[in-house]
Amino acid sequence: MIPELPEDIGDRDVQRDPGAGVAPELRFPKLKVSEVPFQPWARALFTYRQHHEFEPYTRCKPAGGLRMVATAYGTDFIDVPEQKRIYITQIGGPHSFRPIYMDGRPHPKDLDPSYYGHSVGYWEGDKLVVDTIGYNERGWIDLRGIPTTEQLHTTERFSRPDFNILHYEITIDDPGAYTGPWTSGIYFQWDPGAEQFEFLCQDGNLAPLLMIGAENQPLDRTSVIVP
17 MIPELPEDIG DRDVQRDPGA GVAPELRFPK LKVSEVPFQP WARALFTYRQ
67 HHEFEPYTRC KPAGGLRMVA TAYGTDFIDV PEQKRIYITQ IGGPHSFRPI
117 YMDGRPHPKD LDPSYYGHSV GYWEGDKLVV DTIGYNERGW IDLRGIPTTE
167 QLHTTERFSR PDFNILHYEI TIDDPGAYTG PWTSGIYFQW DPGAEQFEFL
217 CQDGNLAPLL MIGAENQPLD RTSVIVP
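Add 16 to a position in the sequence shown, counting from 1, and you land on the number used in our numbering.
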């Protein structure tokens, strides 16, 4: 029998500075698993993933949405006004980046699905709103592996309730996996002295069984993509 799942989902008080806490009045209300509008197949897959931890990050794969901005070791936001773009860069996982186009362009009509999707952004006052479509189904957009399909459409909102706190909110609209849209979020605490460092996921991956090859067969250590 599969044990009962923990109830909290999609919310964490992520901090760059582990010695400081986020004030209780600033914490995002906890979302219960029972409140997520799963379709039956999506709930079954989510349950399976709680007990089989072969998530994409263990294979050094990218992940978009919440999973990217809440990755281990910190996240940076780089505004490049002359390009009308904002870049989100991460240290953990594949140490990758995601562009947000701020020039008013629409999403392309024909997108090749990708881990990060295609993101366009705009400002609502002092709040950054990011609209993303074009995800593939291989990435996890949160730590616990909520299922998604290529119909996934996310709306992310970034705001600063005070100078040291960044509030992140995500609305998930995926009619392929859920019966309706739903929203969760987290808070980040800024560490003004933090610097990104070199992180090579493959160098730290010492579990060859997590490197999955063709037809879900483990790759051996002679493969060119296994460190």
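In this text, a Cβ means the ideal position worked out from N, Cα and C, and glycines have one as well. Remember, it's a predicted structure, so these values are computed and weren't measured experimentally.
Assigned exposure category for residue i - 16 Cβ within 10 Å defines buried
i, result
"I212", "Sequence check: residue 212 is Gln here, not Ile. That one is exposed."
"A60", "exposed"
"V240", "Confidence at V240 is low in this model, with a pLDDT of 39, below 50, so its placement is unreliable and the value that follows should be read with caution. V240 is exposed by the Cβ-count criterion."
"F179", "exposed"
"L127", "exposed"
"T91", "buried"
"D190", "buried"
"P40", "Per-residue confidence for P40 stands at a pLDDT of 42, beneath the threshold of 50, marking its modelled position as unreliable; the derived number appears in the next sentence. When all chains shown are included, P40 counts as exposed."
"V38", "In this predicted model, V38 has a pLDDT of only 40, less than 50, meaning its place in the structure is not dependable enough to derive any value."
"Y73", "buried"
"V85", "buried"
"Q205", "buried"
"S112", "buried"
"A210", "exposed"
"R114", "buried"
Boundaries (first-last residue) of the beta strand (DSSP E) holding residue i
i, result
"F174", "169 to 178"
"Y138", "134 to 140"
"V85", "No beta strand (DSSP E) holds V85; the alpha helix (DSSP H) holding it covers 82 to 85."
"W198", "198 to 205"
"T105", "101 to 106"
"P143", "Sequence check: residue 143 is Lys here, not Pro. Where K143 is concerned, the enclosing beta strand (DSSP E) stretches over 143 to 149."
"L182", "181 to 189"
"V96", "91 to 96"
Closest by C-alpha distance to residue i, when choosing among the options
i, options, result
"I149", "G133, F179, M84", "G133"
"L144", "F174, T170, R154, M118", "F174"
"H169", "Y184, W198, G141", "W198"
"L159", "H123, Q55, R83, R121", "R83"
"M118", "K125, V96, E71", "V96"
Sub-7 angstroms separation of residue i and residue j beta-carbons
i, j, result
"P53", "Y194", "yes"
"Y89", "I107", "yes"
"T171", "D147", "yes"
"S135", "I157", "no"
Rounded distance between the beta-carbons of residue j and residue i, thought under 8 angstroms
i, j, result
"Y131", "A79", "6 angstroms"
"F62", "I162", "6 angstroms"
"G201", "E214", "In fact, because the Cβ distance is near 30 angstroms, the residues do not count as touching under 8 angstroms."
"Q167", "G196", "Q167 to G196, Cβ: 13 angstroms. No contact."
Limits of the alpha helix (DSSP H) - the one that residue i falls within
i, result
"L61", "56 to 65"
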